[in-house]
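To start, the structure itself, in structure tokens.
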């Protein structure tokens, strides 16, 4: 478990940096796929097997395919890659400083916080039946609200991407 | 089988969140910025799952599921906006999309 955690942590951080640093968006998508796979393995170590499946199916299977389609659609004529150091010359340094400050704050807070040792969860923890039982009884309202959010997203996408004339 | 402490999972989630934050601030390609946002969603999901395992409460896992759904809706909406902008401009750079500037 410990070895698996550190392997997955290294893969997660490496591919995360690759997603952010690569010039071509397609390379970022490939890095993101590996990132999501490693996260699914981490979900398995946290005895969340249903979430691991959903991570692979929804994220790597649906969302990243959507990203790939949009990249393929937009790079027919020319490539929407970043144009190097453009008008915002001093963008990189403050951004990295802000990210490092946020990481330091979060790490200090986490290290200082008290955490109880993890007790062994019940045997059906994270399995599909217990997950579905929780989702459809205790968290039924959140489930219904999510369905409404998806409906709004569908309508919004059809309104925006399906229209012919859009003025800018 | 030695257990990984909770703080290690949360620290890893914090590192992933910081990577996504830096990526969102540095890059100007909206698709890459969206992928940085996905990294940050996933960092939050990892923290939720770790806390759920630590406290033996399935609510954290259910919330991860709902976050994944909302992230899917967000990605679809944002990519539709990118496609819509790209139809009228040859390039997609977030600095050029300043129509809503007051």
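Chains as they are written, first to last, in my numbering: chain A, 1 to 168; chain B, 169 to 270.
Note that the Cβ used here is the ideal one computed from N, Cα and C, for glycine as well.
All of these numbers come straight from a predicted model, not from anything done at the bench.
Could you check whether the Cβ of residue 129/A sits closer than 8 angstroms to any Cβ belonging to chain B? No, residue 129/A lies away from the interface with chain B (no Cβ there is under 8 angstroms from its Cβ).
Candidates 99/A, 37/A, 47/A, 161/A, of which the one nearest residue 61/A by Cα: Considering only alpha carbons, the answer is 37/A.
With a threshold of 16 other CB atoms inside 10 Å of the CB of residue 111/A, please say whether the residue is buried or exposed. Its Cβ having fewer than 16 others within 10 Å, residue 111/A is exposed.
Might you give, ordered along the chain, the residues of its own chain that have their beta carbon closer than 7 angstroms to the beta carbon of residue 85/A, omitting 5 neighbours on each side? Confidence in residue 85/A is poor, its pLDDT being 48 and thus under 50, which makes the residue's placement unreliable; the coordinate value appears in the next sentence. Contacts found: none.
Going straight from the alpha carbon of residue 30/A to that of residue 222/B, what length do you get? Rounded to the nearest angstrom, the two C-alpha atoms are 32 angstroms apart.
Can you say whether residue 195/B is buried or exposed, counting buried as having 16 or more other CB atoms within 10 angstroms of its CB? The residue in question, residue 195/B, is buried, as its Cβ has 16 or more Cβ neighbours within 10 Å.
Taking only three categories from DSSP, how would you classify residue 25/A? DSSP places residue 25/A in helix when its eight states are reduced to three.
Anything in the region 189-210 of chain B with a Cβ closer than 7 angstroms to a Cβ of chain A? List those residues in chain order, please. Going along the region 189-210 of chain B in chain order, one finds 189, 190, 191, 193, 194, 195, 196, 197, 199, 200, 203, 204, 206, 207, 210 with a Cβ nearer than 7 angstroms to chain A.
Along the region 10-24 of chain A, what residues have a CB closer than 7 angstroms to any CB found in chain B? Only those residues of the region 10-24 of chain A whose C-beta falls short of 7 angstroms from the nearest C-beta of chain B are listed: 12, 13, 16, 17, 19, 20.
With a threshold of 16 other CB atoms inside 10 Å of the CB of residue 148/A, please say whether the residue is buried or exposed. Exposed, by the Cβ-count rule.
When you compare the region 196-203 of chain B with the region 222-239 of chain B, are there three or more beta-carbon pairs, one atom per stretch, that lie closer than 8 angstroms? The region 196-203 of chain B and the region 222-239 of chain B do not touch, with fewer than 3 CB-CB distances between them shorter than 8 angstroms.
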